[in-house]
Amino acid sequence: MPSMMSALPSPPFGHCVRLFQARIRLGVLILACGLWATAPTAMAEKADRGKPWVIEGDRDATMDEQRRTVVIAGNAAITQGSMALRAERIEVQEQGGVVRQAVALGSAPKWATFRQKRDVPNEHVEAQAQRIEYDGPTDTVRFLGQAVLRIVRGTVVVHEVSGSVLSWDNKREQFSAKGAPPGEGSGSGRFQWIMTPASAPTGTPPGERK
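Quick note: the sequence shown uses numbering that gives the first Met the number 0, first residue 0, plus one each step.
See the structure below:
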């Protein structure tokens, strides 16, 4: 965490608890306590970094004040600007009103999903996996289990990567991919990267989801 942020006083976590309890009946939690906009990343839409975090859920929510965590179950979602992480269950760890870690769990046919606009006109990143791990301090996202990541321009999927483990680094605009360990799953030990030529028609619909 940047020293500028750590130097700022954060309200007691109990204040966030009261805010959470007041909001959960409406199915929305806004992490505005001590929010501070960090430096914009090269990949993610710059405006996202200065916006409040919003946590939503349809069913249950549990807050652990000692661990500073919130667990949301039932069509759970956390958003910040254009960034959206959605799953049946999400566990969030916060500090000073900023999400430091988040783990989203899904299962077929409803995978955990991630979506965020790029700081490029008409482009966004979307992904799905059995498990998605977001790390705030490093601004990276890991996708585990039948993972698929796409970069979409308009309605055209210009890059599609699939594998057992994918990682997306917002700051460096880099992704890494790993296939399944030998002997596990179909196409074990392999990942796949599909690129669409720049001359492809702009109206070409994205490929069907896995």
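All residues carry an ideal CB built from backbone N, CA and C; glycine is no exception. No experiment lies behind these values; they were computed from the predicted model shown.
Beta-carbon proximity list for residue i, same chain, < 6 Å, skipping 5 on both sides
i, result
"residue 191", "161"
"residue 184", "With a pLDDT of 46 at residue 184, under the threshold of 50, the modelled position of this residue cannot be trusted; read the value that follows with caution. Closer than 6 Å at Cβ, skipping near neighbours: no residue."
"residue 166", "141, 175"
"residue 83", "114"
"residue 149", "125, 156, 159"
"residue 139", "168"
Residue(s) in a DSSP beta bridge with residue i
i, result
"residue 92", "68, 100"
"residue 115", "124"
"residue 175", "166"
"residue 154", "None; residue 154 has no bridge partner."
"residue 59", "72"
"residue 139", "134, 168"
"residue 191", "161"
Closer than 8 Å to chain B by CB, residue i
i, result
"residue 178", "Of the protein chains in the structure, only one exists, and it is not chain B."
Cutoff 8 Å; reference residue i; Cβ partners in own chain excluding five residues on either side
i, result
"residue 151", "122, 123, 124, 125, 157, 205"
"residue 196", "none"
Same chain, Cβ closer than 7 Å to residue i, five either side skipped, listed in chain order
i, result
"residue 108", "none"
"residue 105", "86, 87, 111, 129"
"residue 81", "44, 47, 115, 116"
"residue 134", "100"
Closest Cα partner of residue i within the set the options
i, options, result
"residue 95", "56, 72, 74, 64", "64"
"residue 175", "147, 83, 62, 100", "147"
"residue 50", "72, 97, 196", "97"
"residue 113", "78, 100, 72", "78"
"residue 101", "169, 70, 61", "70"
"residue 132", "89, 93, 145, 153", "89"
Where residue i falls, given that 16 or more other Cβ within 10 Å makes a residue buried
i, result
"residue 173", "exposed"
"residue 56", "buried"
"residue 91", "buried"
"residue 59", "exposed"
"residue 119", "exposed"
"residue 66", "exposed"
"residue 10", "Its pLDDT being 48, under 50, residue 10 is placed unreliably in this model, and the coordinates cannot settle the point."
"residue 171", "exposed"
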